[in-house]
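**Student:** Structure below; questions to follow.
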Amino acid sequence: MPIRYDADLACFEAACTVEDTLPLAEWLEATAAPRVDLSACTELHTALLQLLLAARPAVTAGPEDAFLARVISLSPLGRGAG
Amino acid sequence: MTGTDGSGPRVLVVDDAVTVRAFSRRVLEADGFVVDEAVNGIEGLERAMAAPPDLVIVDVNMRKMDGYTMLRVLRRDPGLRDVPAIMISTESKASDREQALLAGANWYIVKPPRPEVLVEAARLLTGRPLGGEGAP
Amino acid sequence: MSELFDQFIVEAQELLETAGGALLALERDPADRASVDELFRAFHTLKGSSALFDMAPFTRLVHAGEDTLSLLRDGRRGMTPDLADRLFRALDQCARWVAALEEAGTLPADAGEAAEALARGLSGGPADGAAAGGGEVEAFPWVAGLTDEERRAAGEGTLTAIDYTPDPDCFFTGDDPLALFRRVPDLRLLRIEPAHPLPPLAQMDPYRCVLRFRALSGAAVEAVTPAFRSVPDQVRTGSVTLSPAFTPPAAAAQGSLAATMLEEQTRILDLPGSAAERESRRAAVARAVAAILTALGRPTQRAAVAAACGDVGSLRRFLADGPGETPAVSEPRPSAPSAAPRRALRVEPERMDALMALVGELSVVKGQLGPLVRRAGDGEMARDLKAFAARVDSLVGDLRHAALRLRLLPLARVFDPLPRLVRDTARRLDKTVELVLEGAETEADKDILDVLGEPLLHLVRNALDHGIEMPERRAAAGKPPAGTLRVRAFQDKGGVVVEVSDDGAGIDPAAMRRAAVAKGLLDPDAAAALSDADAVRLVFAPGFSTAGSVSELSGRGVGMDAVRAAAERAGGRVEIDSTPGNGTRVCLLLPLTLSITRVVVVEAAGSLYGIPVALVGGVQRVKRGEIRAVKRAESVVLRDRVVPLVRLRRLLGQPEDERARADDCVVLAELGDGPVAVAVDDVGERADVVLRPMTGVLRGLRGYAGTAVLGDGRLILVLDLRELL
């Protein structure tokens with residue numbers, strides 16, 4: 001699984017695909033104050049991004065991938081995470 | 083420099099835009115400066131000669147006499163030639179900055195100035211301690 | 219910041235006005251350097267001032283204007299009527315925005331797009347073809363709304379805009395829209411936003427794509443499109459041109475401003491220049507460096523600094539031990555004495571009105587002093603009283619004059635819109651018109667100016683539309699191809715006169731007579747009996763000039779009766795004279811002020827009435843024998859015109875004057891569509907009165923403009939002759 005769920009923290013690793021959509025949606029919905037770690041994420045499917053934009057979890061670490069880093073930093077997620 | 087009587091350094095703001103003058107006055111007065119205004123280079127020189135300021139902040143484009151000319155004349159006046167000067171302009175090109183320095187400016191600020199930038203520059207060029215928030 | 223904001227509003231209004239005037243002058247004479255400079259400076263100042271506030275589209279537009287003007291100034295672009303149109307549109311837009319800012323404090327939501335469209339129009343370049351410059355920004359309206367930050371990220375020049383709204387079901391077909399952007403070369407900006415507001419997570423279908431992507435690439439369109447080969451139906455690309463961002467990043471960024479400033483001072487020492495220039499720069503640098511060091515808490519001997527400022531190297535060494543990061547102790551900040559700026563005094567109109575009313579009352583009360591003095595007889599006290607009354611009299615006169623002057627404004631206020639109106643209308647009609655304005659400094663009461671504005675525009679428009687002919691026709695008639703429209707204002711016997719004259723086709727009285735008959739306003743005999751002047755005057759008759767066909771016949775357009783009505787409502791009147799082939803002249807005669815009306819006092823059946831002087835063309839005695847009567851309809855020949863005569867007693871339902879008299883006292887009233895002789899028992903003084911509208915039960919009475927009290931305290935009714943007739 002490219003996304004590891006650990007209580008209120010989800011770690012995105014390598015290529016996160018559309019397969020992760022439903023589990024992520026359920027986890028985001030079930031978690032009171034979700035946090036995500038995107039540092040190891042190399043690809044983020046649009047469906048996942050859309051969920052993140054809707055749920056606005058705290059981003060504990062931004063992606064190292066340059067393209068994703070830009071996407072996240074320009075989104076409300078990036079601004080929220082300081 | 084800072085007056086001994088408790089009044090702050092005198093800044094002469096020369097700009098033909100009343101809004102910009104009012105903005106500078108507000109920002110600088112809030113920081114304890116005493117602000118004088120002039121609407122063009124000629125009036126700026128007149129004010130400066132009448133009461134030499136501790137700093138002049140000059141706009142570039144003004145009718146009657148522009149900022150460059152005013153600074154050149156200022157620098158030729160024995161009593162005023164060392165008065166620190168900031169040139170302020172909407173232009174951000176390096177060549178505009180260069181022109182300002184050539185005319186005699188000590189510093190160049192692009193309009194619109196951020197209040198804290200204006201205050202910090204004015205404090206530095208008038209020798210007022212920056213205070214806690216001013217220095218990085 | 220609201221005071222500052224207000225200041226901006228006022229400044230912007232003034233600048234826009236100046237710019238409008240300069241643009242008109244410049245269009246007339248493209249070589250007019252002073253106007254180019256004026257216009258440039260206006261745009262430039264607006265740019266600087268607007269940038270102090272959150273109104274990026276405004277700044278964007280005036281910046282584009284400034285750029286255009288700078289090209290004009292350097293001769294890299296020429297003035298054309300088309301470019302003038304664009305600049306006028308930009309100024310108009312700015313004026314609307316300023317109005318919106320004044321009203322609502324913010325620019326309207328579509329400001330970004332409007333600014334972009336207008337700015338694009340301005341940068342159209344000499345060719346001005348649709349394809350030149352600009353690109354297809356209107357296809358990507360969001361480009362105009364970029365934040366400063368985004369604009370900086372995007373850079374300037376020609377970019378490729380990408381608008382990608384994925385099919386909501388695209389996830390099922392294996393698309394990953396975000397991934398496609400990895401393949402976009404030179405991606406400058408990527409904005410990802412929900413196409414619709416995102417629903418709460420619980421109600422969201424995670425497999426439906428609701429995002430929309432907008433991006434800018436520095437690569438050409440052809441280089442960008444391959445990335446979206448799989449979704450051609452969901453993506454739009456096109457090239458757009460972005461002008462440079464106008465708010466550059468703060469100069470000092472993260473580094474210490476003091477350090478950068480010190481570095482700059484050393485650089486200044488190295489700048490080229492004459493020995494004298496370099497010497498004075500050195501002096502300024504020495505003082506600046508000393509000040510900066512002091513500010514940093516490292517006060518240094520001025521002499522030492524000055525010595526170090528000999529050349530770059532020594533100043534560098536002098537500063538080498540690190541231009542202080544040493545935090546200084548904060549000194550208590552003295553509060554500066556605030557100098558009160560001098561301002562024009564603004565007075566609320568209501569207070570002004572109250573003052574005028576009081577002055578009016580005072581005049582009336584003063585008038586009652588006269589009879590008192592007379593009653594006091596001849597004693598010493600009476601003499602003193604008389605002297606005192608005379609003094610009060612002159613003081614009240616001065617006061618009234620001063621109060622009146624407070625309300626006076628130059629007619630320039632109503633003249634100002636005319637050059638632009640003439641320019642635009644003439645251009646639309648393909649006519650060439652020279653506008654001559656005279657007497658803009660003439661003053662009139664603010665209320666009068668308010669009344670005057672609309673009719674004046676109407677007259678000017680009419681003259682352009684229907685008076686002045688097309689250039690070919692003018693040439694054929696042996697006139698200069700350019701028509702002349704003259705608007706002249708001057709003061710005349712206590713009132714103000716505004717005259718609009720043209721050298722156009724004029725009005726043909728014969729055509730007017732025919733039209734009046736055709737419209738059933740007059741029977742053929744009555745029409746034939748009209749003098750030429752009265753036939754021309756028919757344009758003011760209600761319902762006469764409303765048909766389009768008339769304008770072709772008469773050379774006059776619609777709504778002249780509205781002009782007449784407005785003038786009369788203000789206690790004035792309108793006159794017209796025209797010579798076919800030579801032009802038309804229309805005069806608006808208005809009182810100097812609305813609150814004080816000058817009336818001719820007349821007597822009928824023992825009561826006093828007032829007739830506004832503005833309507834009175836003359837007063838004279840007419841021998842009974844000169845009055846012709848057909849049944850009860852009487853008429854008299856006055857100044858070579860047959861004028862209907864009415865008797866005020868009859869109009870007011872009073873008994874006929876039984877006294878045997880050799881002649882009648884007649885007031886000639888000019889009522890726009892024709893003169894009327896009003897027979898009265900007697901004519902008295904002319905008096906300035908404060909007109910009070912009828913109140914209470916009197917309000918229902920027709921035929922009266924109001925009541926007024928004369929200087930001696932007597933009450934008069936001021937007649938509204940038009941209504942009465």
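Chains as they are written, first to last, in our numbering: chain A, 1 to 82; chain B, 83 to 218; chain C, 219 to 943. Cβ coordinates follow ideal geometry from the N, Cα and C atoms, glycine included.
(1) Look at the Cβ atom of C:I686, then the Cβ atom of C:D665, and state whether they are nearer than 9 Å.
(2) Check whether chain B comes within 9 Å of C:K737, counting only Cβ atoms and requiring the distance to be less than that.
(3) Count the other CB atoms, across all protein chains shown, that sit within 10 Å of the CB of C:L407; report buried if there are 16 or more and exposed otherwise.
(4) Within its chain, find whatever has a CB closer than 8 Å to the CB of C:D611; leave out the 5 residues flanking it on each side and keep chain order.
(5) Can you have a look at C:D272 and say buried or exposed, based on whether 16 or more other CB atoms are within 10 angstroms of its CB?
(6) Would you call the stretch 801-809 of chain C in contact with the stretch 700-718 of chain C, where contact means no fewer than 3 C-beta pairs closer than 8 Å?
(7) Where B:T151 and B:A185 are concerned, what is the direct C-alpha to C-alpha distance, given to the nearest angstrom?
(8) Can you name the start and end residues of the alpha helix (DSSP H) that B:E128 belongs to?
(9) Report the option in C:E482, C:I845 and C:D285 whose CA atom is closest to the CA atom of C:R500.
(10) Determine which residues of the stretch 280-302 of chain C have a Cβ less than 9 Å from any Cβ of chain B, and write them out in chain order.
(11) Assuming C:I486 is part of the alpha helix (DSSP H), what are its boundary residues?
(12) Classify C:T378 as buried or exposed, calling it buried when 16 or more other Cβ atoms lie within 10 Å of its own Cβ.
(13) Using DSSP with H/G/I as helix, E/B as strand and the rest coil, what is C:C312?
(14) According to DSSP, is C:F258 helix, strand or coil?
(15) Starting from the beta carbon of C:V429, find every residue of chain A whose beta carbon is closer than 9 Å, and list them in chain order.
(16) What's the C-alpha gap between B:R107 and C:A509?
(17) Would you report the Cα separation of C:G790 and C:L833, rounded to the nearest angstrom?
(18) Please return the same chain residues whose Cβ sits closer than 6 Å to the Cβ of C:G578, not counting the five positions on each side in sequence.
(19) Looking only at its chain, what residues have a beta carbon closer than 6 Å to the beta carbon of A:T60, apart from the 5 residues adjacent to it on each side?
(20) I believe C:L244 touches C:V254 by the beta-carbon criterion, under 8 Å. Please report the beta-carbon distance rounded to the nearest angstrom.
(21) Does any CB atom of chain C fall closer than 9 Å to the CB of A:P63?
(22) Within 8 Å, do at least three Cβ pairs link the stretch 382-395 of chain C to the stretch 42-51 of chain A?
(23) Using DSSP's beta-bridge definition, name the partner residues of C:G924.
(24) With 7 Å as the C-beta to C-beta threshold (strictly closer), list the residues of the stretch 22-34 of chain A near chain C in chain order.
(25) Between B:E128 and chain C, is the shortest Cβ-Cβ distance under 9 Å, so that the two count as touching?
(26) Quick one: does A:L74 have its CB under 9 Å from some CB of chain C?
(27) Check the Cβ of C:A445 against every Cβ in chain A and list those closer than 7 Å, keeping chain order.
(28) Helix or strand or just coil, what does DSSP make of C:I410?
(29) How long is the line joining the alpha carbons of C:P466 and C:R454, rounded to whole angstroms?
(30) Do the stretch 842-855 of chain C and the stretch 872-886 of chain C touch if we need at least three Cβ pairs shorter than 8 Å?
(31) Per DSSP, what kind of secondary structure is C:Q225 in: helix, strand or coil?
(32) With the cut-off set at 9 Å, would you say C:A887 and C:V896 are in Cβ contact?
(33) For the beta strand (DSSP E) holding C:G531, just list the boundary residues, first then last.
(34) Can you give me the C-alpha to C-alpha distance between C:R868 and C:L739, rounded to a whole angstrom?
(35) Along chain A, in chain order, which residues have C-beta atoms closer than 9 Å to that of C:A240?
(36) Going by DSSP, what residue range makes up the beta strand (DSSP E) through C:G375?
**Tutor:** On the basis of the supplied data:
(1) no
(2) no
(3) buried
(4) Non-local beta-carbon contacts of C:D611 in its own chain, meaning distances under 8 Å to residues more than five positions away in sequence, involve K584 and L587 in chain order.
(5) In this structure C:D272 is exposed. Its beta-carbon is surrounded by fewer than 16 other beta-carbon atoms within 10 angstroms.
(6) A contact exists between the stretch 801-809 of chain C and the stretch 700-718 of chain C.
(7) 7 Å
(8) G123 to A132
(9) C:E482
(10) Using a CB distance below 9 Å, the part of the stretch 280-302 of chain C facing chain B consists of H281 and E284, ordered along the chain.
(11) L475 to L487
(12) buried
(13) Three-state DSSP puts C:C312 in a helix.
(14) helix
(15) Correcting the residue type first, residue 429 of chain C is Leu in the shown sequence and not Val. Within chain A, the residues placing a beta-carbon under 9 Å from that of C:L429 are T46, L49, Q50 and L53, ordered along the chain.
(16) 21 Å
(17) C:G790 and C:L833 have their C-alpha atoms some 6 Å from each other.
(18) V908
(19) R35 and D37
(20) 6 Å
(21) no
(22) yes
(23) Beta-bridge analysis with DSSP links C:G924 to C:V936.
(24) L22, A25, L28 and E29
(25) no
(26) yes
(27) In chain order: nothing, as chain A lies at least about 13 Å away.
(28) In the three-state reduction of the DSSP assignment, C:I410 falls in the strand class, which pools E and B.
(29) At C:P466 the pLDDT is 30, less than 50, meaning the model places this residue with poor confidence; the figure from the coordinates comes in the next sentence. Approximately 30 Å between the Cα atoms of the pair.
(30) These segments touch.
(31) DSSP places C:Q225 in the helix class (H, G or I) of the three-state scheme.
(32) yes
(33) Counting along the chain, C:G531 falls outside any beta strand (DSSP E), though it belongs to the alpha helix (DSSP H) covering V530 to L537.
(34) 26 Å
(35) The premise fails here: C:A240 is roughly 42 Å from chain A at the closest Cβ pair, so nothing lies under 9 Å.
(36) G375 to Y382
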